[in-house]
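First the structure, in the form of structure tokens, and then the observations on it.
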Amino acid sequence: MIRLSVPLRHALARLSVPVLVAAAFGTMLLGKADPPLVERGRMAVADLLAPIYALAAEPIGALRGAVSEGGTLLNLREEAARLREENERLHRWQAAALALESENALLRRQLLFVPDPAPHFRTARVVADAGGTYARAVLIATGPSLQVEKGQVALDERGLAGRVTEVGSRSARILLVTDMNSRIPVVLEGSRARAMMVGTNGARPRLQHWPSGMQPGEGDRVVTSAESATFPAGLPVGVVRLGETGWPEVELFARLDRLDLLRIFEFGLAGILPPEAVVRPDPAARPRR
Amino acid sequence: MARPGRPASAPGPVARLDALARAAGPSVATASFMILAAAPVGLPSLLPAVALAGVFFWSLFRPASMPAPAAFGLGLLQDLLGFAPLGSGVLVLLLTHAGALRARRVLARRSFLLVWLAYCGFAALAVGLGYLLQALLGWAVPPAFPAFTQLALTIGLYPLLAWLMARAHRGMQRAEALA
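Protein chains in written order, with the numbering used here: chain A, 9 to 297; chain B, -8 to 170.
What follows is the structure, given as structure tokens:
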């Protein structure tokens, strides 16, 4: 260690805070001037920590499981009654669905309808909350056996959750649909009216820009629209609920507050991406089919 | 092992390693807490709450182990772990560090309750500054509700974190008294 005289050391100690504050402003400037550098830095940190998170995921999952288990034990009776009622209702729906399915098959045979190929997906574990106070994003663990690319669509077991925005070598970031920067083109299933689903960082994104005279109503089902070639049509998103101010919001099917596994779909669509998430050509990547 | 009448022997490698561990312990522990706080538990503002409590506590009670560069590094880690604009966490934690150093003479010997009260002020300023920086750097007004959640979490989590850190602090003091 370098030996310094006491006054010099004191002067250095007093100087360090202003110098570092200036450096903090420099960092902000750097962050604004070179977003790809920041993104690389973020993904480097995420890649470094992904194995640690993967290790910690087990005990944390166990803890969460235990807590929710306690909750279920408390209202077991109501839950059973609710499930019996729901089961009855679903049985009726199953009959309707079977009838519709056979009718659909019949009509398709008559129209020589070419069905869309079943999309290919891979499942990834959510290892960390990558959002912070003013953003909604999660980190998934990837690896050599699980290649993801920017722009791919993430669904949980119930519905749309988000899109891949940053990809590292061992991890990837998913921007959730509730994030302030998220804009998803959607269709109201009943009226076929198009709208935008805009994230607010709250639990329920809002609907905007629907055609005049086609006000979304309480209980309408919301699915994705193929409008901007970023999403395939018809992915389940949620149900319209009118908020406190009467503004239509979407109650999501996906349970974004307790994500643990996400299905990452490759639909082969490369529509509009946010400017900072434009796919840069990666020489190591395999060519797209 | 110093005997009267002889110069004290230079500290051995183990003693030096011990001192180094004590000096680096607080920042390393804060960093590990922050990394754990980013795990998906459903509390998005856990990370800044943990970082602020660590920087405040150690700057106040053991400034030698939380120098300004450590606060800078922790801020950078916070920005990189979260989705906050780069530099906002750095500035907030650095100013908290500087403020805690200033308040040291008044606060270090006071009761826990008073320190907590002071921390509430620090937390309010820190969350406010964070909100402002988020608005300026993102060039959009972020919703206010998450800021209040973060403030409540930051203040509410402090007693637990301070209890843990105070135990570690006392342990280190005992070890230093023995050495």
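The C-beta atom is built at its ideal place from N, Cα and C for all residues, glycine as well.
Computed from a predicted structure; not experimentally measured.
With DSSP run on the structure shown, which of helix, strand or coil describes N95/A?
-> Counted from its first residue, the first sequence places residue 95/A at position 87. Helix, per DSSP.
Chain B residues whose Cβ lies nearer than 9 Å to that of D55/A = Translated into the one-based positions of the first sequence, residue 55/A becomes position 47. Ordered by position in chain B, no residue passes the 9 Å Cβ test against D55/A, which lies about 11 Å from the chain.
Helix, strand or coil for A169/A, going by three-state DSSP, please let me know.
-> The count along the first sequence starts at 1 and reaches residue 169/A at position 161. Looking at A169/A - three-state DSSP - the assignment turns out to be strand.
Quick check: the region 23 to 34 of chain A against the region 74 to 91 of chain B, are there 3 or more CB pairs under 8 Å?
-> The region 23 to 34 of chain A, when compared against the region 74 to 91 of chain B, does touch it at the 8 Å Cβ threshold.
By the 10 Å Cβ neighbour count, where 16 or more other Cβ atoms means buried, how is R166/A classified, buried or exposed?
-> Counted from its first residue, the first sequence places residue 166/A at position 158. Answer is exposed; the Cβ neighbour count stays below 16.
What is the DSSP secondary structure of G151/A, counted as helix, strand or coil?
-> Here the question's residue 151/A lines up with position 143 in the first sequence. In the structure shown, G151/A sits in a strand (DSSP, three-state: E or B).
Would you kindly work out how many angstroms separate the C-alpha atoms of P21/A and L120/B, rounded to a whole number?
-> Locating residue 21/A in the first sequence gives position 13, counting from the first residue. Locating residue 120/B in the second sequence gives position 129, counting from the first residue. Residue identity differs from the one stated: residue 21/A is Ala in this sequence, not Pro. Their Cα atoms are separated by approximately 25 Å.
By Cβ distance, which residues of its chain are closer than 7 Å to L68/B, with the 5 residues on each side in sequence left out?
-> By 1-based counting over the second sequence, the position of residue 68/B is 77. So the qualifying residues of the chain are A22 and M25.
Compute the Euclidean distance between the alpha carbons of D137/A and E86/A, then round it to the nearest angstrom.
-> In the first sequence, the residue the question calls residue 137/A occupies position 129. In the first sequence, the residue the question calls residue 86/A occupies position 78. Whole-angstrom Cα-Cα distance: 32 Å.
Nearest candidate by alpha-carbon position, reference A58/A, set L51/B, A30/B, A15/B and F103/B | As a first step, residue 58/A must be located in the first sequence, where it is residue number 50. The shortest C-alpha separation from A58/A is found at A30/B.
Residues near L71/B by beta carbon distance below 8 Å, same chain, minus five either side | Along the second sequence, one-based indexing puts residue 71/B at 80. Here L71/B has L77 as same chain residues with Cβ atoms under 8 Å from its own Cβ, once five neighbours each way along the sequence are excluded.
Is S18/B helix, strand or coil when you go by DSSP?
-> Against the second sequence, residue 18/B aligns to sequence position 27. Helix at S18/B.
Can you find a C-beta in chain B that's less than 9 Å from the C-beta of K158/A?
-> Taking the first sequence and counting its residues from 1, one reaches residue 158/A at position 150. Answer no: the Cβ-Cβ gap between K158/A and chain B never drops below 9 Å.
Whole-angstrom distance between F63/B and A166/B, CA atom to CA atom = The residue you call residue 166/B lines up with position 175 of the second sequence. The residue you call residue 63/B lines up with position 72 of the second sequence. The straight-line gap from Cα to Cα measures roughly 28 Å.
Helix, strand or coil: how does DSSP classify P134/B here?
-> Residue numbering aside, residue 134/B sits at position 143 when the second sequence is read from its first letter. Annotated three-state conformation of P134/B is coil, per DSSP.
Are the Cβ atoms of L168/A and L215/A separated by less than 9 Å?
-> On the first sequence, residue 168/A is found 160 positions in, with the first residue counted as 1. On the first sequence, residue 215/A is found 207 positions in, with the first residue counted as 1. No, the Cβ-Cβ distance between L168/A and L215/A is not below 9 Å.
Could you list the residues in the region 133 to 166 of chain B with a C-beta less than 9 Å from some C-beta on chain A, going in chain order?
-> Of all residues in the region 133 to 166 of chain B, the ones placed with a Cβ closer than 9 Å to any Cβ belonging to chain A are P133, P134, F136, P137, A138, T140 and Q141, in chain order.
Could you tell me whether the Cβ atoms of L120/A and A145/A are closer together than 9 Å?
-> Counting from 1 along the first sequence, the entry for residue 120/A is found at position 112. Counting from 1 along the first sequence, the entry for residue 145/A is found at position 137. The answer is no: Cβ separation not under 9 Å.
Contacting positions in the region 58 to 69 of chain A - beta carbon closer than 8 Å to chain D = Although the question refers to chain D, the structure presented lacks it and instead comprises the protein chains A and B.
In whole angstroms, what separates the C-alpha of L115/A from that of A234/A?
-> For the purposes of this step, residue 115/A is taken as residue 107 along the first sequence, with counting starting at 1. For the purposes of this step, residue 234/A is taken as residue 226 along the first sequence, with counting starting at 1. Their backbone Cα atoms lie some 24 Å apart in a straight line.
I think D187/A touches R263/A, with their Cβ atoms under 8 Å apart; what is that distance to the nearest whole Å?
-> Here residue 187/A refers to the residue found at position 179 when the first sequence is read from its first residue. Here residue 263/A refers to the residue found at position 255 when the first sequence is read from its first residue. That belief does not hold up - the Cβ atoms of D187/A and R263/A are roughly 16 Å apart, past 8 Å.
Look at the alpha carbon of T238/A and the alpha carbon of S18/B, and state the distance between them as a whole number of angstroms.
-> Taking the first sequence and counting its residues from 1, one reaches residue 238/A at position 230. Taking the second sequence and counting its residues from 1, one reaches residue 18/B at position 27. If I take the Cα positions, the gap works out to 43 Å.
Element boundaries [alpha helix (DSSP H), containing A61/B] | Stepping through the second sequence from its first residue, residue 61/B is reached at position 70. Looking at the DSSP string, the run of the alpha helix (DSSP H) that includes A61/B is A59 to L72.
Indicate the three-state DSSP secondary structure (helix, strand or coil) for D137/A in the structure shown.
-> The residue given as residue 137/A occupies position 129 in the first sequence. Strand at D137/A.
Name the two residues that bound the continuous beta strand (DSSP E) containing V206/A.
-> Taking the first residue of the first sequence as position 1, residue 206/A is located at position 198. Note, V206/A: beta strand (DSSP E), R202 to V206.
Does the beta carbon of P4/B sit closer than 9 Å to a beta carbon anywhere in chain A?
-> As a first step, residue 4/B is located in the second sequence; it is residue number 13 there, counting from the start. Judged by the 9 Å Cβ criterion, P4/B is not in contact with chain A.
Comparing alpha-carbon positions, which option in S199/A, V247/A and Q102/A lies nearest F261/A?
-> Mapped onto the first sequence, residue 261/A falls at position 253. F261/A has its Cα closest to that of V247/A, out of S199/A, V247/A and Q102/A.
What are the partner residues of T186/A, as DSSP defines its beta bridges?
-> Counting from one through the first sequence, the residue named residue 186/A turns up at place 178. The partner list for T186/A (beta bridge, DSSP) is empty, contrary to what the question assumes.
Mind listing which residues of the region 63 to 75 of chain B have their C-beta closer than 9 Å to chain A's C-betas, in chain order?
-> Of all residues in the region 63 to 75 of chain B, only F63, G66, L67, L68, Q69, D70, L71, L72, G73, F74 and A75 place a beta-carbon less than 9 Å from a beta-carbon of chain A.
Within the chosen definition, does the region 43 to 59 of chain B reach the region 92 to 102 of chain B through at least 3 CB pairs nearer than 8 Å?
-> With a cut-off of 8 Å on Cβ pairs, the region 43 to 59 of chain B is in contact with the region 92 to 102 of chain B, counting three or more such pairs.
Where does E235/A sit, in a helix, a strand or coil, going by DSSP?
-> Walking along the first sequence from the start, residue 235/A turns up at place 227. If DSSP states are grouped into helix, strand and coil, E235/A belongs with coil.
Give the interface partners of L59/B over in chain A, defined as CB-CB distance under 7 Å, in chain order.
-> The residue given as residue 59/B occupies position 68 in the second sequence. Leu is not the amino acid found at residue 59/B; the sequence shown has Ala there. Within chain A, the residues near A59/B are S24, V25 and L28.
Taking Cβ-Cβ distances below 7 Å as the criterion, which residues of the region 132 to 149 of chain A are in contact with chain B?
-> Residues of the region 132 to 149 of chain A with a C-beta less than 7 Å from any C-beta of chain B: V134, A136, D137, A138, G139, G140, T141, Y142, A143, A145 and V146, listed in chain order.
Determine, using beta carbons only, whether V118/B and T145/B come nearer to each other than 9 Å.
-> Here residue 118/B is taken as the residue at index 127 of the second sequence, counted from 1. Here residue 145/B is taken as the residue at index 154 of the second sequence, counted from 1. Yes, the pair counts as a contact, with Cβ atoms nearer than the cut-off.
Is there contact between the region 2 to 9 of chain B and the region 41 to 48 of chain B, where contact requires at least three CB pairs shorter than 8 Å?
-> The way I'd put it, the region 2 to 9 of chain B doesn't touch the region 41 to 48 of chain B; fewer than three beta-carbon pairs between them come closer than 8 Å.
Go ahead and pull the three-state DSSP assignment for L11/B.
-> Your numbering for residue 11/B matches position 20 in the second sequence. Correct three-state label for L11/B: helix.
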